[in-house]
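Heads up, the thing below is written out as structure tokens.
Residue numbers (my numbering), protein chains in the order written: chain R, 1 to 298; chain X, 1 to 298.
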């Protein structure tokens with residue numbers, strides 16, 4: 001059964017016939033503008049959904065910037081600037097500080113936005129990131145072809161462990177992977193001219209690989225023994241980590257015989273469609289594939 | 001004393017040194033991109049602040065589009081597309097319907113966005129509107145000069161009356177001005193090459209005129225007898241209507257002797273700074289000038 005979000009996105013798709021929208025199936029809109037190509041993305045974060053109540057506002061700001069820039073990275077785009085939609089909260093100065101740190105770290109200016117107050121209950125913020133395409137065509141999720149190799153720029157699982165440590169107040173545990181993710185901007189720009197498909201892993205390796213397989217009309221066959229995991233992850237939790245997002249690595253495909261322009265791990269191959277858009281060790285994965293917005297309490 | 005929003009915006013200004021951000025003092029960011037100029041704005045709407053709980057979701061969607069396009073109108077920009085940040089709610093299909101009606105009415109495509117669920121309490125949505133500048137330089141709030149005439153494209157007060165009728169459930173009263181504002185896109189494009197300054201009136205005629213006066217370092221001297229009001233507005237409420245927003249008319253200045261390229265009302269003149277950035281009938285206005293986000297209950 002389609003989730004509420006899926007149903008809403010299907011309604012939206014009917015309103016987005018423009019090719020720049022890429023059928024709302026991609027990480028960002030890609031718009032021919034003047035003599036160049038503009039890449040634009042907008043992501044929201046909601047208290048209690050994307051961050052823990054009481055979490056440091058500076059980290060929330062950082063993550064809001066990083067997750068949007070990760071969408072630009074998936075397109076190989078160079079950031080041009082961001083617009084912030086901000087709900088005033090308990091510590092606006094801390095938020096401003098974290099925002100400043102992120103903008104400085106990724107060398108991107110704040111260009112505008114909006115500030116609101118007065119909402120009772122959970123706050124939410126939005127960020128729009130604008131980028132300049134560095135290659136043409138701009139990579140999408142839909143270009144993976146049978147015979148391609150599937151690659152991942154880095155390990156998964158650290159964000160999950162960081163989230164748990166933060167939630168449970170575990171001292172001396174590194175929570176940075178969850179609080180302060182690093183978008184793979186340089187890698188995205190290096191890879192973009194060569195990949196057949198690319199996206200960032202935000203909701204979980206399995207669900208995101210499935211989305212790429214679906215958009216490309218192929219099967220992504222992942223070999224779980226080749227997937228890189230965070231060093232501190234217990235082997236018993238590897239399957240779980242493949243369905244937990246927030247690590248913001250880049251997932252991409254290359255034609256056979258082409259090696260990546262940056263360090264990456266070959267984690268599987270692309271085949272003609274068989275049984276499902278994703279297979280793990282030649283079987284259809286059971287259980288959760290990743291984060292889904294269709295929460296049962298709504 | 002500075003409001004919480006003012007203090008936060010001051011922190012943001014330090015992060016926005018790029019000239020495209022216009023010091024966060026304008027309706028939109030203006031970015032040289034490729035061979036053209038991109039105009040981008042992002043506005044949010046919050047339940048209980050920008051719309052009444054229980055209000056028709058289709059009207060909320062319409063207004064979210066219209067208010068952002070109004071910012072593009074203030075720059076004389078032609079809309080290119082919008083990105084939606086949507087919090088799933090009680091009637092997503094109605095929201096989608098109103099969004100579709102607005103996008104069709106203003107001939108602008110949906111390009112992307114994000115959908116979230118799970119927030120307890122008030123929902124909020126955001127919209128980013130992208131436009132193409134049609135004139136150079138792109139008008140700002142800061143170009144009003146002593147000797148200019150101050151103009152307004154239409155009446156104020158109808159949105160206030162519409163809001164009250166909707167809130168109080170008054171039958172047979174036209175609430176369209178509040179529910180379904182019309183951005184002055186064609187007027188903005190016609191006016192942009194000629195104005196010395198332009199903005200849209202979203203928070204109230206007086207507060208917005210004050211902002212233009214402040215950005216330009218001048219005094220806006222409004223003659224209240226020249227301000228056009230909604231026909232149904234009781235004369236006793238004219239002062240109140242000048243401090244109520246949501247009418248989305250364009251406020252602009254023209255050099256002496258220049259007539260507007262569209263129908264408009266001359267409502268005052270620009271002088272060297274004296275006493276205040278806004279005067280009404282030669283006096284500093286007392287009391288509220290318009291909508292302010294610094295709500296006392298926070």
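Here a beta-carbon is modelled for each residue, glycine too, at the ideal position from N, C-alpha and C. Bear in mind that the values here come from a model prediction, so they are computed numbers and not experimental data.
Looking only at its chain, what residues have a beta carbon closer than 8 Å to the beta carbon of residue i, apart from the 5 residues adjacent to it on each side?
i, result
"residue 218 of chain R", "144, 145, 146, 270, 271, 272, 273 and 277"
"residue 24 of chain X", "9, 12, 13 and 16"
"residue 108 of chain X", "65, 69, 79, 80, 81, 82 and 129"
"residue 238 of chain R", "157, 224, 227 and 229"
"residue 294 of chain R", "Only weak support is given to the placement of residue 294 of chain R: the predicted model assigns it a pLDDT of 43, under 50, and the question is left unresolved by the model."
"residue 37 of chain X", "30, 31, 132, 133, 136 and 138"
Show which residues of chain X have a CB atom less than 8 Å away from the CB atom of residue i.
i, result
"residue 40 of chain R", "83, 111, 112, 128 and 130"
"residue 92 of chain R", "4, 7, 8 and 11"
"residue 103 of chain R", "15"
In whole angstroms, what is the alpha-carbon distance linking residue i and residue j?
i, j, result
"residue 175 of chain X", "residue 5 of chain X", "29 Å"
"residue 165 of chain X", "residue 184 of chain X", "24 Å"
"residue 188 of chain X", "residue 250 of chain R", "42 Å"
"residue 110 of chain R", "residue 21 of chain X", "7 Å"
"residue 63 of chain X", "residue 285 of chain X", "30 Å"
"residue 85 of chain R", "residue 287 of chain R", "35 Å"
"residue 61 of chain R", "residue 96 of chain X", "29 Å"
"residue 142 of chain X", "residue 214 of chain X", "8 Å"
"residue 266 of chain R", "residue 182 of chain R", "21 Å"
"residue 41 of chain R", "residue 103 of chain R", "16 Å"
"residue 99 of chain R", "residue 51 of chain R", "15 Å"
"residue 77 of chain X", "residue 117 of chain R", "28 Å"
"residue 240 of chain X", "residue 205 of chain X", "10 Å"
"residue 39 of chain R", "residue 163 of chain R", "30 Å"
Pick out whichever of the options has its Cα sitting closest to the Cα of residue i.
i, options, result
"residue 26 of chain X", "X:160, X:108, X:216 and X:111", "X:216"
"residue 247 of chain R", "R:263, R:262, R:237 and R:230", "R:230"
"residue 137 of chain X", "X:75, X:160 and X:235", "X:75"
"residue 19 of chain R", "X:112, X:191, X:73 and X:233", "X:112"
"residue 256 of chain X", "X:268, X:250 and X:245", "X:268"
"residue 140 of chain R", "R:100, R:33 and R:72", "R:72"
"residue 244 of chain R", "R:201, R:258, R:213 and R:67", "R:201"
"residue 122 of chain X", "X:59, X:182, X:88 and X:172", "X:88"
"residue 133 of chain X", "X:43, X:190, X:283 and X:234", "X:190"
"residue 198 of chain X", "X:29, X:186, X:212 and X:232", "X:212"
"residue 178 of chain X", "X:115, X:33, X:41 and X:56", "X:56"
Interface residues of chain R around residue i at Cβ under 7 Å?
i, result
"residue 35 of chain X", "34 and 35"
"residue 5 of chain X", "88, 115 and 117"
"residue 100 of chain X", "15"
"residue 77 of chain X", "Within chain R, no residue comes near residue 77 of chain X; the closest Cβ sits about 12 Å away, beyond 7 Å."
Keeping to the same chain, check which residues put their C-beta closer than 7 Å to that of residue i; ignore five residues upstream and five downstream.
i, result
"residue 254 of chain R", "148, 149, 151, 194, 195, 196 and 260"
"residue 53 of chain X", "47"
"residue 235 of chain X", "none"
"residue 232 of chain X", "161"
Buried or exposed, going by whether 16 or more other CB atoms sit within 10 Å of the CB of residue i?
i, result
"residue 263 of chain R", "exposed"
"residue 124 of chain X", "buried"
"residue 169 of chain R", "exposed"
"residue 282 of chain X", "exposed"
"residue 275 of chain X", "exposed"
"residue 114 of chain X", "buried"
"residue 305 of chain X", "Nothing in the structure corresponds to residue 305 of chain X, since chain X is present only between 1 and 298."
"residue 91 of chain X", "exposed"
"residue 172 of chain R", "exposed"
"residue 186 of chain R", "exposed"
"residue 93 of chain R", "exposed"
Can you give me the Cβ contacts of residue i inside the same chain, cut-off strictly under 6 Å, excluding the 5 residues immediately before and after it?
i, result
"residue 207 of chain R", "289 and 290"
"residue 221 of chain X", "268, 269, 271 and 279"
"residue 203 of chain R", "245, 290 and 291"
"residue 154 of chain X", "249"
"residue 67 of chain R", "43"
Kindly list, in the order they appear in chain R, the residues whose Cβ is closer than 8 Å to that of residue i.
i, result
"residue 17 of chain X", "109"
"residue 204 of chain X", "Within 8 Å Cβ-Cβ: nothing; residue 204 of chain X doesn't reach chain R, min ~16 Å."
"residue 80 of chain X", "31 and 33"
"residue 270 of chain X", "By Cβ distance, chain R contributes nothing, its closest Cβ being about 25 Å from residue 270 of chain X, past 8 Å."
If the cut is a Cβ gap below 9 Å, which residues of chain R does residue i touch?
i, result
"residue 106 of chain X", "Residues of chain R passing the Cβ test: none, with the nearest at roughly 12 Å."
"residue 66 of chain X", "Those within 9 Å of residue 66 of chain X in chain R number zero; the least Cβ separation is about 15 Å."
"residue 52 of chain X", "Here the premise fails: no neighbours, minimum Cβ distance about 13 Å."
Within 7 Å: the Cβ of residue i and any heavy atom of the ligand ZN?
i, result
"residue 46 of chain R", "Although the ligand ZN was asked about, the structure shown includes no ligands whatsoever."
Kindly list, in the order they appear in chain X, the residues whose Cβ is closer than 7 Å to that of residue i.
i, result
"residue 24 of chain R", "112"
"residue 72 of chain R", "What residue 72 of chain R touches in chain X: nothing, since even the nearest Cβ is about 12 Å away."
"residue 43 of chain R", "114"
"residue 28 of chain R", "112"
In chain X, what lies closer than 9 Å to residue i by C-beta?
i, result
"residue 20 of chain R", "80, 81, 109, 111 and 112"
"residue 197 of chain R", "None at all; the shortest Cβ gap to chain X is about 18 Å."
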